[in-house]
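Student: Right, I'll just put the structure down here and ask away after.
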Amino acid sequence: MKTMILTILLASIPTLTLAQQWPTNPVIGMIGASFSECAAPENSPLAGMGFAGCSYETLSTALTKNSRITSKKMRVQTLAQGGARSYDIPGTGYRGYVSQINALLTRTQWIDGTNRTKVVVASLMNDCLHTVPCTTSDIDNVLIEGVRQTAQIASSKGIKLIVTGYPDWQDLNLALIGGIFQLPNLISEQDYNYLKTRFEQQVSQIPGVIYLDVWKHNFKTIDGLHPDEASVEKAADLIAKTITSL
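Letter by letter, the sequence shown follows residues 62 to 307 in my numbering.
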């Protein structure tokens, strides 16, 4: 019996030593669409293609190299998907906000019982912009409700949720990107302004949400929809400043 106990204790020593060496760097999780991730799912109509060949700056790549984040040894993991909407699209691999945060938390859960994710950043989705036209009910009960459910999941895990807002209409040129990619159902200025205002009003009141208007006076576009590198880096720094002050 003593020999068996000793054998078990000796066998556990390398495991305990290894456990003490496991990295415990806090993780920033990114969810959303192409403002945070260039590539579409492999099963989607875009077959895994990355917008602009994944050569543009995203919030995820900008945060990875932001000095505020690197100085705190924080790591960035993204479950965002280029072209995503706030809800799952069956058969395409596209995940909405809720499925993305659940997949993120699965990825960052470790066998020591801890979840490394400390903050989740949710960037805007493609709902209403250039895909399927939205009603007021769609905005409230699909898009905003998706954010609400995501906030509840984050709060239940003790995780902060940062939600970024929409650029101003005058800073966009949706007709440009619509012409390039032959996008149907481009949103009108009136509908866009309603979407932007409604989203900000409702989401900023959701318990557990930190709403950041990172694109205000900070949005120059490369194609009519996506921000240029300088805009992204400034937005990422505003996010990083908020994260490191929590």
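Glycine is no exception: its CB is placed at the ideal position from the N, C-alpha and C atoms.
Bear in mind the structure is a predicted one, so any value in this text is a computation, not a measurement.
#1: Who are the Cβ neighbours of V181 in its own chain at under 8 Å, not counting the five residues just before and after it?
#2: Going straight from the alpha carbon of R259 to that of K295, what length do you get?
#3: So which of V203, G285 and K179 has the shortest CA-CA distance to K218?
#4: Within the same chain, show all residues whose beta-carbon is closer than 8 Å to that of N250, passing over the 5 residues directly before and after it, in chain order.
#5: Would you check if the distance between the CB atom of N86 and the CB atom of R136 is smaller than 8 Å?
#6: Taking Q161 as part of the alpha helix (DSSP H), name the residues at either end of that continuous run.
#7: Using a Cβ-Cβ cut-off of 7 Å (strictly less than) and excluding sequence neighbours within five positions of T196, which residues of its own chain qualify?
#8: Compute the beta-carbon to beta-carbon distance between C189 and I241, rounded to the nearest angstrom, for a pair I have assumed lies under 8 Å.
#9: Give me whichever residues DSSP pairs with T386 in a beta bridge.
#10: Return the CA-CA distance between P228 and K126, expressed in angstroms with no decimal places.
#11: Does the stretch 141-150 come close enough to the stretch 96-103 that 3 or more CB-CB pairs lie under 8 Å?
#12: Ignoring anything shorter than 3 residues or poking outside the stretch 191-266, list the beta strand (DSSP E) runs there in chain order.
#13: Let me check understanding here. Comparing Cα to Cα, which of Q243, R129, K134 and L286 lies closest to T119?
#14: Does the distance from the C-beta atom of L244 to that of H191 stay below 8 Å?
#15: State the start and end residues of the unbroken alpha helix (DSSP H) segment that holds K126.
#16: Quick check: the Cα distance between V293 and I300, rounded to an integer number of angstroms?
#17: Is it the case that the Cβ atoms of V208 and A183 are separated by a distance below 8 Å?
#18: Could you check the C-alpha separation between H278 and D232 for me, to the nearest Å?
#19: What are the start and end residues of the alpha helix (DSSP H) that includes T303?
#20: Quick one: what's T178 bridged to in DSSP?
#21: On a CA-only basis, which of I267, K302 and A94 is nearest R156? Give me that one, please.
Tutor: This is what the structure holds:
#1: Within the sequence shown, the letter at position 120 stands for residue 181. Closer than 8 Å at Cβ, skipping near neighbours: I89, G90, M91, I92, I162, L165, T211, A215, I220, K221, L222 and I223.
#2: Translated into the one-based positions of the sequence shown, residue 259 becomes position 198. Translated into the one-based positions of the sequence shown, residue 295 becomes position 234. Straight-line Cα distance between these residues: approximately 25 Å.
#3: As a position in the sequence shown, residue 218 is number 157, starting the count at 1. That would be K179, whose Cα lies nearest to the Cα of K218.
#4: The residue given as residue 250 occupies position 189 in the sequence shown. A quick correction: the sequence has Glu, not Asn, at residue 250. Excluding residues within five positions, the ones whose Cβ falls inside 8 Å are W230.
#5: Indexing the sequence shown from 1 puts residue 86 at position 25. Indexing the sequence shown from 1 puts residue 136 at position 75. Against a cut-off of 8 Å, the Cβ pair of R136 and N86 comes out as a contact.
#6: For this step, residue 161 is matched to residue 100 along the sequence shown. It spans Y158 to R168 - the alpha helix (DSSP H) in which Q161 sits, taken as one unbroken run.
#7: The residue you call residue 196 lines up with position 135 of the sequence shown. No residues qualify anywhere along the chain.
#8: One-based indexing of the sequence shown puts residue 189 at position 128. One-based indexing of the sequence shown puts residue 241 at position 180. Their Cβ separation, rounded to whole angstroms, is 19 Å, which puts C189 and I241 out of contact at 8 Å.
#9: Not covered by the structure: residue 386. The range shown for the chain is 62 to 307.
#10: Taking the sequence shown and counting its residues from 1, the one referred to as residue 228 is at position 167. Taking the sequence shown and counting its residues from 1, the one referred to as residue 126 is at position 65. So the two alpha carbons sit approximately 23 Å from each other.
#11: yes
#12: 221-225
#13: Stepping through the sequence shown from its first residue, residue 119 is reached at position 58. It is L286 whose Cα lies nearest to the Cα of T119.
#14: Locating residue 244 in the sequence shown gives position 183, counting from the first residue. Locating residue 191 in the sequence shown gives position 130, counting from the first residue. For L244 and H191, yes; Cβs fall inside 8 Å.
#15: Looking up residue 126 in the sequence shown gives position 65. Note, K126: alpha helix (DSSP H), L120 to K126.
#16: What you label residue 293 is simply residue 232 of the sequence shown in a count that begins at 1. What you label residue 300 is simply residue 239 of the sequence shown in a count that begins at 1. Spanning the two alpha carbons is a distance of roughly 10 Å.
#17: Position 147 of the sequence shown, counted from the start, is the residue given in the question as residue 208. Position 122 of the sequence shown, counted from the start, is the residue given in the question as residue 183. Closer than 8 Å, so yes.
#18: Locating residue 278 in the sequence shown gives position 217, counting from the first residue. Locating residue 232 in the sequence shown gives position 171, counting from the first residue. Looking at the two C-alpha atoms, the distance is approximately 9 Å.
#19: As a working note, residue 303 is residue 242 in the sequence shown. Counting along the chain, the alpha helix (DSSP H) containing T303 begins and ends at E290 to S306.
#20: Here residue 178 refers to the residue found at position 117 of the sequence shown. Looking at the DSSP assignment, T178 forms a beta bridge with V88.
#21: Position 95 of the sequence shown, counted from the start, is the residue given in the question as residue 156. Taking only the C-alpha atoms, the option nearest R156 is A94.
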